[in-house]
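> Have a look at this one.
Residue numbers (my numbering): 258 to 495.
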């Protein structure tokens, strides 16, 4: 399904009561945007934070960044928030003259920190034919016990991405996203469900990569039932 040369990137960040962590997330995204612009100056990059049902200063903190568009929703589901962010970002890029098939959607989470090459690595994979990038994440070891660190390290070999789906590090060409129906309005595993459909779509190339590994919070209680926080709290040591 590989389409035309990419001309726009939509970065989408869902957030719920992330006032404590979102500033560092946005700072890392700013570095990643500059890294990409240094390589491809003509590329348009739009970042959207979706503050979903927040009762803290998440939206206000995000609005301090002039390069970030903030959308507030009351969907109370991460799938609703991600989908809303995609629609806003893609539609704005289209309004600016970027054809939808030439848009790449890069997803992360508000409790995560992306590396400087995060966007560049995804676009390099897209240039090589990828329609979907399933990226690796690493929990912040400062948040984990010694036992959890040992268990996580034993299960993750550098240079061998396992293909697990993480909304904190997921990229997809807009045309492939549309063909699979986008994010469902789920409060858990909306990322996994989308990638399952993408993998089942003829002609869609799904690539696993650790080229732009994302650092994510190692907290044990997340913003959804289960999710990565649930994995760290329960599954990692069972």
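A virtual CB, placed ideally from N, CA and C, is assigned to each residue, including glycine.
So what's residue 495 in DSSP terms, helix, strand or just coil?
Within the chain shown, the letter at position 238 stands for residue 495. Here the model assigns residue 495 a pLDDT of 37, short of 50, so the residue's position is not dependable and the matter cannot be decided.
> Would DSSP call residue 326 helix, strand or coil?
Position 69 of the chain shown, counting from 1, holds the residue named residue 326. Residue 326: strand per DSSP, three-state reduction.
> Could you tell me if residue 501 is buried or exposed, where buried requires 16 or more neighbouring beta carbons within 10 angstroms of its beta carbon?
The structure shown has nothing for residue 501, since the chain only spans 258 to 495.
> State the DSSP-derived secondary structure class of residue 471, mapped to helix, strand or coil.
For this step, residue 471 is matched to residue 214 along the chain shown. Strand.
> State the Cα-Cα distance for the pair residue 299 and residue 425, rounded to the nearest angstrom.
Numbered from 1 along the chain shown, position 42 holds the residue referred to as residue 299. Numbered from 1 along the chain shown, position 168 holds the residue referred to as residue 425. Between residue 299 and residue 425, the C-alpha separation is close to 26 Å.
> Are there three or more Cβ pairs, one per stretch, closer than 8 Å when the stretch 333-346 is compared with the stretch 437-448?
They touch, by the three-pair rule.
> On the CB-based measure, 16 or more other CB atoms within 10 Å of its CB, does residue 348 come out buried or exposed?
Translated into the one-based positions of the chain shown, residue 348 becomes position 91. Residue 348 comes out exposed.
> Have a look at residue 333 and residue 273 and give me their C-alpha separation to the nearest angstrom.
For the purposes of this step, residue 333 is taken as the residue at position 76 of the chain shown. For the purposes of this step, residue 273 is taken as the residue at position 16 of the chain shown. Distance between the alpha carbons of residue 333 and residue 273: 9 Å.
> With a 10 Å radius around its C-beta and 16 neighbouring C-beta atoms as the bar for buried, classify residue 469 as buried or exposed.
The residue you call residue 469 lines up with position 212 of the chain shown. By the neighbour-count rule (16 or more Cβ atoms within 10 Å), residue 469 is buried.
> For residue 344, I'd like the list of residues in its chain whose CB is within less than 8 Å of its CB, leaving aside the five on either flank, ordered along the chain.
Reading the chain shown from its first residue, position 87 is the one you call residue 344. Correct list: empty, nothing qualifies.
> Anyone know if the C-beta pair for residue 285 and residue 355 falls short of 8 Å?
For this step, residue 285 is matched to residue 28 along the chain shown. For this step, residue 355 is matched to residue 98 along the chain shown. It is not a contact, given that the beta carbons lie outside the stated cut-off.
> Within 10 angstroms of its Cβ, does residue 404 collect 16 or more other Cβ (buried), or is it exposed?
Within the chain shown, residue 404 is the residue found at index 147, counting from 1. Label assigned to residue 404: exposed.
> Could you tell me which of 265, 283, 261 sits nearest to residue 271, measuring between CA atoms?
To locate residue 271, count along the chain shown from 1; it is residue 14. The candidate whose alpha carbon is nearest that of residue 271 is 283.
> Quick one: what's got a C-beta closer than 8 Å to residue 328's C-beta in the same chain, skipping five residues either side?
Indexing the chain shown from 1 puts residue 328 at position 71. For residue 328, where only same-chain residues beyond five positions count, the Cβ hits under 8 Å are 305, 306, 307, 308, 341, 342, 345.
> So if DSSP puts residue 307 in a beta bridge, which residue, or which two residues, is it bridged to?
Taking the first residue of the chain shown as 1, we reach residue 307 at position 50. Beta-bridge pairing links residue 307 to 271, 328.
> Quick one: is residue 396 buried, meaning 16 or more other Cβ sit within 10 Å of its Cβ, or exposed?
Walking along the chain shown from the start, residue 396 turns up at place 139. Result: buried.
> Quick check on the DSSP output: what are the complete alpha helix (DSSP H) runs of length 4 or more inside the stretch 328-387, in order along the chain?
Entirely contained in the stretch 328-387, the alpha helix (DSSP H) runs reaching 4 residues are, in chain order, 335-352, 375-384.
> Using 10 angstroms around the beta-carbon of residue 448, count the other beta-carbons present and answer buried if the total reaches 16, otherwise exposed.
Looking up residue 448 in the chain shown gives position 191. That one is buried.
> Would you list the residues sitting across from residue 390 in a DSSP beta bridge?
Counting from one through the chain shown, the residue named residue 390 turns up at place 133. Per DSSP, 428, 464.
> Could you check the C-alpha separation between residue 316 and residue 302 for me, to the nearest Å?
What you label residue 316 is simply residue 59 of the chain shown in a count that begins at 1. What you label residue 302 is simply residue 45 of the chain shown in a count that begins at 1. One C-alpha to the other measures close to 20 Å.
> Between residue 399 and residue 311, what straight-line distance do the alpha-carbon atoms span, to the nearest angstrom?
Numbered from its first residue, the chain shown carries residue 399 at position 142. Numbered from its first residue, the chain shown carries residue 311 at position 54. Spanning the two alpha carbons is a distance of roughly 26 Å.
> What is the DSSP secondary structure of residue 281, reduced to helix, strand or coil?
Indexing the chain shown from 1 puts residue 281 at position 24. If DSSP states are grouped into helix, strand and coil, residue 281 belongs with the helices.
> Tell me whether residue 321 sits in a helix, a strand or coil according to DSSP, three-state version.
The residue labelled residue 321 in the question sits at position 64 within the chain shown. Correct three-state label for residue 321: coil.
> State buried or exposed for residue 275, treating a residue as buried only when at least 16 other CB atoms are found within 10 Å of its CB.
Within the chain shown, numbered from 1, the residue matching residue 275 stands at position 18. It counts as buried.
> Bridge partners of residue 265, per DSSP?
Here the question's residue 265 lines up with position 8 in the chain shown. DSSP, once it has assigned bridges, lists 301, 360 as partnering residue 265.
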